[in-house]
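Sequential numbering from 1 applies to the sequence shown in my numbering.
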Amino acid sequence: MIQSEKLEKCLKKVEKPARYIGSELNSIYKEDPKLRFAFCFPDVYEVGMSHLGMQILYFAINEQPLLACERAFAPWPDMAEEMKKESIPLYGLESKLPLSEFDVVGFTLQYEMSYTNILYMLDLANIPYKADARREDDPIIIAGGPCATTPEPLADFIDCFVVGEGEEINIRLLETVRRGKEAGKKKREILRDLAELEGIYIPAFYAVDYDENGLIAGRRALVPEAKETICRIRLHDMNEGFQLDRQIVPFIETVHDRAVVELFRGCTQGCRFCQAGMMYRPIRERDTETLLTMADNILKNTGYDEVSLTSLSSCDYRMLMPLVDELVRRYESDNVGISLPSLRLDSFIVDVLRQIEKVRKSGLTFAPEAGSQRMRDVINKNVTEEDLMWVVNSVFAEGWSRIKLYFMIGLPGEEMEDALGIRDLAYKVKEAFFDRPKEEIRGHFTVTASASCFVPKGFTPFQWAPQDSLETFFEKIQALRGSIRDPKVKFQYHDPYTSRMEAILARGDRRTGALIQEAYTRGQIFDGWSEYFRYDVWEQAMEAAGIDGDFYANRTRAFDEILPWDFIDIGVSKAYLKKEYQKAMEGITTPDCRGACNGCGIRNCEMWEEFHATAPGIQ
């Protein structure tokens, strides 16, 4: 255990010491479990504690009598410096035990630009970050989360990837490790046992061959347990099994300080840029009664004054209006607010917002995603300018005056005219606000157009598409900045350099692991934070690692190319993704599959009976 005197000495010298002390309301400490697991979030405490997945797995694992789940976060550089001075290794918040004394250390992979922080945290824990350098008594290092579905850039560092939804597999994984250790098995024997579980990928059990052009020629299994295809695990029924009834309540403000209730998993909108929309299919809804019980329990056990109804597309929940009505009825007198993280551009959302505003009113965010209708058809964002204008006029009439519009630039096939459509839409929203009788204009109006740089992702129809060059990104950004001159219209944009590195890692193969290591050894950590990201250092790392950034970011892939993640089966077929890419290039849209099956490849889709008017079959 970490010496309390040394830790107190560190805490007196750092910003926000409450990040590092634990003991928050609802946190759980177990004195002597049979297996101790560290759930590591490779970012600062305030970000990690806002992540619903951490809360779910923390309590689900701690429900098991023989298992303990603790938390660890990436220390801010000021704390890391003090820890090194005092020879304090990275520790679990609950027990204050060094991570090197845990049985299993797991990382959640939410964002490619957090990859250097994984090496940073292992280094601070005195655990070798290269898998082949770890000793028999070092913990087994696992990783899960969305980016575990394209895992190869981290293959050199991770012993075991969990591909899929954590509730379904993590407890089985930890129990397999516990039984193996109790039986006296060596680490490699335990990994072979894990390889037999569905959804588990052990990178050391495979070799990858490349051809003379640097493309993947094939993969070879090195042990009998190594499966040819890793099938992504999903939870089949959201109403069964573990239901979150509390959350850890931090001592300090976090990114999202509220109760969170997950309405459903999956999405049927079919946006062609969206990895989560493909990966989390099919839709699995929670019953309204289950959700009300969860909200009641979490509010009772936390004291929060806001409930967020979260999902990939929360407004698609079929019983949303009755749910909101009942939540308002129960909690309006207690001034408990209700929030929706995503708002749909149709008449239905206005009715929902009218109910929500009874408690409190905030700014509204809508996502047209692209500046022109042509590009919205390319990406299959089935909304029109008329939809947007109808909704903003309706919410202005209800008293809202602050609007944020979210876009992407650099989408496949985008021209400068399409990008400048972002400006045009923002100006039309402003004109709609002021083009009303003076007595109806209330509040201080602003419209913010926020643009991120498109990053092609695996398991989407755009996985074969090139990313825009840095030069093209900056041309579009400068054109938008130069043409938006109204003080009531604000323009924000994401750094293209960061987006380029994200694209390189998002579609990287095993060779990009050397790039991550080179960047880390040159001091790169917290690359998702603008104050710490340095593109010049990443350029040096690419040169040292022999990585051609254009090969990964700006190259069009052929349909018959073996992609680094092709050995993983998420359920959606590659044939469907190819068809969607071809339709995108022709500007042809695909309807929401709640009406009729589009043949994406998902087997035993629970939506057939619940949502489909017709189901012509899976291709």
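By construction, the Cβ of each residue, glycine as well, lies at the ideal position given by its N, Cα and C atoms. Remember, it's a predicted structure, so these values are computed and weren't measured experimentally.
What's the gap between the Cα of Asn335 and the Cα of Val395?
Asn335 and Val395: Cα-Cα distance of roughly 22 Å.
What residue does the beta strand (DSSP E) around Met49 start on, and which one ends it?
In the DSSP annotation of this structure, Met49 is not part of any beta strand (DSSP E), being labelled neither H nor E.
Is the stretch 283-296 touching the stretch 312-326 in the sense that three or more CB pairs, one from each, lie closer than 8 Å?
Short answer: they touch.
Whose C-beta lies closer than 6 Å to the C-beta of Leu11 among residues of the same chain, with five residues either side of it excluded?
Contacts found: Pro17.
Contacting residues, own chain, Cβ-Cβ under 6 Å from Gln524 (five flanking each side not counted)
The beta carbon of Gln524 is closer than 6 Å to those of Thr116, Val537 in its chain, skipping five residues each way along the sequence.
Count the other CB atoms, across all protein chains shown, that sit within 10 Å of the CB of Ser311; report buried if there are 16 or more and exposed otherwise.
By the 10 Å Cβ count, Ser311 comes out buried.
Answer yes if the stretch 69-88 comes into contact with the stretch 259-274, meaning at least three C-beta pairs across the two stretches below 8 Å, and no otherwise.
Contact between the stretch 259-274 and the stretch 69-88 is absent: fewer than three C-beta pairs spanning the two stretches fall below 8 Å.
Cutting at 8 Å between CB atoms, please list the residues of its own chain near Ser401, excluding the five before and the five after it.
Taken in chain order, the residues that qualify are Phe433, Arg442, Gly443, His444, Phe445, Thr446.
Buried or exposed by the 16-neighbour rule on C-beta atoms within 10 Å, applied to Pro322:
A residue is called buried once 16 or more other Cβ atoms fall within 10 Å of its Cβ, and Pro322, having fewer, is exposed.
Residues near Glu189 in its chain [Cβ-Cβ closer than 8 Å; skip 5 each side]:
The beta carbon of Glu189 sits closer than 8 Å to those of Gly180, all from its chain and outside the five residues before and after it, given in chain order.
Look at Leu97 and Leu90 and say whether their C-beta atoms are less than 7 Å apart.
Their beta carbons are not under 7 Å apart, which means Leu97 does not touch Leu90 by this criterion.
How big is the Cα-Cα spacing for Gly371 and Asp424?
Distance between the alpha carbons of Gly371 and Asp424 is about 8 Å.
Comparing C-alpha positions only, which one of Asp509, Asp468, Ile588, Lys428 sits nearest to Asp486?
Comparing Cα-Cα distances from Asp486 to each of Asp509, Asp468, Ile588, Lys428, the minimum goes to Lys428.
For Gln492, does the three-state DSSP call read helix, strand or coil?
Residue state for Gln492 is assigned as strand, using DSSP reduced to three classes.
For Arg192, report the span of its alpha helix (DSSP H) as first-last.
Residues 187-195.
Could you name each continuous alpha helix (DSSP H) segment of 4 residues or more that falls completely within the stretch 89-147, going from the start of the chain to the end?
DSSP assignment within the stretch 89-147 yields the following whole alpha helix (DSSP H) runs of 4 residues or more, N-terminal first: 115-124.
Just to check my reading of the structure: Asp495 and Ser450 have Cβ atoms closer than 8 Å, yes? What is that Cβ distance to the nearest angstrom?
With a Cβ gap of about 13 Å, Asp495 and Ser450 do not count as contacting.
Using only the alpha-carbon positions, how far apart do Ala195 and Glu225 sit?
Approximately 6 Å between the Cα atoms of the pair.
Going by DSSP, what residue range makes up the beta strand (DSSP E) through Ile446?
The question names Ile, but residue 446 is Thr in the sequence shown. Residue range 446-453 is occupied by the beta strand (DSSP E) that includes Thr446.
Near Pro65, what residues of its chain come up, given a Cβ to Cβ distance below 6 Å and the 5 sequence neighbours on each side ignored?
For Pro65, where only same-chain residues beyond five positions count, there are no Cβ hits under 6 Å.
Select from Phe459, Leu340, Ala596 the residue whose C-alpha is nearest the C-alpha of Asp569.
Comparing alpha-carbon positions, the option among Phe459, Leu340, Ala596 lying closest to Asp569 turns out to be Phe459.
May I ask you to report which of helix, strand or coil DSSP gives Leu345?
Under the three-state reduction of DSSP output, Leu345 falls in the coil class, being neither helix nor strand.
Grab the span of the beta strand (DSSP E) containing Val307 for me, first residue to last.
Counted as a single uninterrupted DSSP element, the beta strand (DSSP E) harbouring Val307 occupies residues 306-310.
With Thr254 and Met49 assumed to form a contact (beta carbons below 8 Å), what rounded beta-carbon distance in angstroms separates them?
Correct: roughly 5 Å between the Cβ atoms.
Go ahead and label Met585 buried or exposed: buried means 16 or more other beta carbons lie within 10 angstroms of its beta carbon, across all protein chains shown.
Counting the other Cβ atoms within 10 Å of the Cβ of Met585 gives fewer than 16, which makes it exposed.
Indicate the three-state DSSP secondary structure (helix, strand or coil) for Glu211 in the structure shown.
Checking the sequence, you will find Asp at residue 211 rather than Glu. For Asp211, the three-state secondary structure derived from DSSP is coil.
Can you name, in chain order, every residue of its own chain whose Cβ lies under 8 Å from the Cβ of Leu197, other than the five neighbours on each side?
Within the same chain, and ignoring the five residues on either side of Leu197 in sequence, the residues whose Cβ sits closer than 8 Å to its Cβ are Ile169, Arg172, Leu173, Thr176.
Indicate whether the contact test is met: 3 or more Cβ pairs, each with one atom in the stretch 377-385 and one in the stretch 348-359, closer than 8 Å.
By the Cβ rule, the stretch 377-385 does not count as touching the stretch 348-359, because fewer than three pairs are nearer than 8 Å.
Find the nearest neighbour of Ile61 within the set Ala80, Glu46, Lys84, Lys34, judged by alpha-carbon distance.
It is Lys34 whose Cα lies nearest to the Cα of Ile61.
Buried or exposed: which applies to Ala221, given that a residue is buried once 16 or more other Cβ atoms fall within 10 Å of its Cβ?
Classification for Ala221: exposed.
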